[in-house]
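Going by the numbering used here, the sequence shown opens with residue 61, and the numbers climb by one from there. Idealized CB from N, CA, C, for every residue including glycine. Below you'll find the structure, written out as structure tokens, and then a few comments.
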Amino acid sequence: MEIKKRIYVGLLMASVLMAVSLVGAVWFLLQNRELLVGQVLLSIILGMVGIIFILAGIGVLAIIIMIIKSQSIPSLETFTRIANEILFPVTLLTGRLAGISKEKILQSYIAVNNYLVKSRKLLLEGPQVMILLPHCLQDSQCPHKITMDISNCKRCHKCSICDLIELGEKYHAVVKVATGGTLARKFMEETRPRGVVAVACERDLSLGIQDAAQVPVIGVLNCRPHGPCINTNVVVADVEQALQSICKGG
Ligand code: SF4
Numbered sequence: 061m062e063i064k065k066r067i068y069v070g071l072l073m074a075s076v077l078m079a080v081s082l083v084g085a086v087w088f089l090l091q092n093r094e095l096l097v098g099q100v101l102l103s104i105i106l107g108m109v110g111i112i113f114i115l116a117g118i119g120v121l122a123i124i125i126m127i128i129k130s131q132s133i134p135s136l137e138t139f140t141r142i143a144n145e146i147l148f149p150v151t152l153l154t155g156r157l158a159g160i161s162k163e164k165i166l167q168s169y170i171a172v173n174n175y176l177v178k179s180r181k182l183l184l185e186g187p188q189v190m191i192l193l194p195h196c197l198q199d200s201q202c203p204h205k206i207t208m209d210i211s212n213c214k215r216c217h218k219c220s221i222c223d224l225i226e227l228g229e230k231y232h233a234v235v236k237v238a239t240g241g242t243l244a245r246k247f248m249e250e251t252r253p254r255g256v257v258a259v260a261c262e263r264d265l266s267l268g269i270q271d272a273a274q275v276p277v278i279g280v281l282n283c284r285p286h287g288p289c290i291n292t293n294v295v296v297a298d299v300e301q302a303l304q305s306i307c308k309g310g
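Quick look at the structure:
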């Protein structure tokens, strides 16, 4: 398992261990309480929390097995989703306690997500795929409104938007530029893609991956030579590679 993925998987395991230890500790305290009704009620609550973490634990195991086997196990995909959804915030907290930067943890999360999506070996048609781009890829001096309609781009090659439009045309994929999560969600509802290749920073990508839930998303990190959110860039070959990993004939 490469280092990038190891960080997130390691933190997932540590989070499960921490949660199980916490439940165990509270359980032990309960055994020494006098009030029977309170004990029963708290036992039920703890039992439910325990079940949730057992499901998450199975999910973490499933993620590890899938990564080791380099192949998806469809019957366990629900568990991996549960593990990611429940444990993601705990993982961030565990990582911070361990002194790992948030950026590194998010990069690792995206790498694990991409690996799991790729291992599903999806064979989507181009039009079923949406290439979702952040507005900050557009040259900040460009006067053309591409968020409403990307065809407003005059293809002057001052920014990577035109190359990405051409890539979309090559694969017949839908290309959209979003200014934030709300517009991205609107595009998802309107287009209903079966797969998404999203370009963004660590934070927006991980939020987008969580938001998309059932829709597989491959995340491609943008480059930020001028700092965050302005005149960013992306390696177009990386976006193409991401497209090929979920499209037919890729
Ligand atoms: S390539 Fe398109 S979006 Fe980028 S600066 Fe030129 S016209 Fe604007």
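query: For K205, which residues from the same chain have a beta carbon less than 7 Å from its beta carbon, with the 5 sequence-adjacent residues on both sides left out?
result: Looking up residue 205 in the sequence shown gives position 145. Within the same chain, and ignoring the five residues on either side of K205 in sequence, the residues whose Cβ sits closer than 7 Å to its Cβ are N212.
message: Quick check on the DSSP output: the alpha helix (DSSP H) that includes V150 runs from which residue to which?
response: Counting from 1 along the sequence shown, the entry for residue 150 is found at position 90. Per DSSP, V150 belongs to the alpha helix (DSSP H) from E137 to L157.
message: I want to check one thing, is the minimum distance from the CB of Q198 to the heavy atoms of the ligand SF4 below 7 Å?
response: Mapped onto the sequence shown, residue 198 falls at position 138. In this structure, the ligand SF4 has a non-hydrogen atom nearer than 7 Å to the beta-carbon of Q198.
- prompt: Is I124 near the ligand SF4, judged by its Cβ being under 7 Å from some heavy atom?
  reply: For the purposes of this step, residue 124 is identified with residue 64 of the sequence shown, where counting begins at 1. For I124, the Cβ stays outside the 7 Å cut-off from all heavy atoms of the ligand SF4.
- request: Taking L281 as part of the beta strand (DSSP E), name the residues at either end of that continuous run.
  value: Counting from 1 along the sequence shown, the entry for residue 281 is found at position 221. Per DSSP, L281 belongs to the beta strand (DSSP E) from V277 to L281.
field: Pair within 8 Å by beta-carbon distance, I67 and S168
entry: Translated into the one-based positions of the sequence shown, residue 67 becomes position 7. Translated into the one-based positions of the sequence shown, residue 168 becomes position 108. In contact: I67 and S168 (Cβ atoms closer than 8 Å).
task: Express the C-alpha separation of I112 and Y231 in angstroms, rounding to a whole number.
output: In the sequence shown, the residue the question calls residue 231 occupies position 171. In the sequence shown, the residue the question calls residue 112 occupies position 52. Their Cα atoms are separated by approximately 41 Å.
task: State the beta-bridge partners of L184 as determined by DSSP.
output: By 1-based counting over the sequence shown, the position of residue 184 is 124. Assignment of beta-bridge partners to L184 by DSSP yields C307.
- prompt: the ligand SF4 heavy atoms versus the CB of R245: any closer than 7 Å?
  reply: As a first step, residue 245 is located in the sequence shown; it is residue number 185 there, counting from the start. Look at R245: its beta carbon is at least 7 Å from all of the heavy atoms in the ligand SF4.
- request: Quick one: measure Cβ to Cβ for C283 and N293, integer angstroms, because I've assumed they're closer than 8 Å.
  value: Counted from its first residue, the sequence shown places residue 283 at position 223. Counted from its first residue, the sequence shown places residue 293 at position 233. Under the criterion of beta carbons closer than 8 Å, C283 and N293 qualify as touching, at roughly 4 Å.
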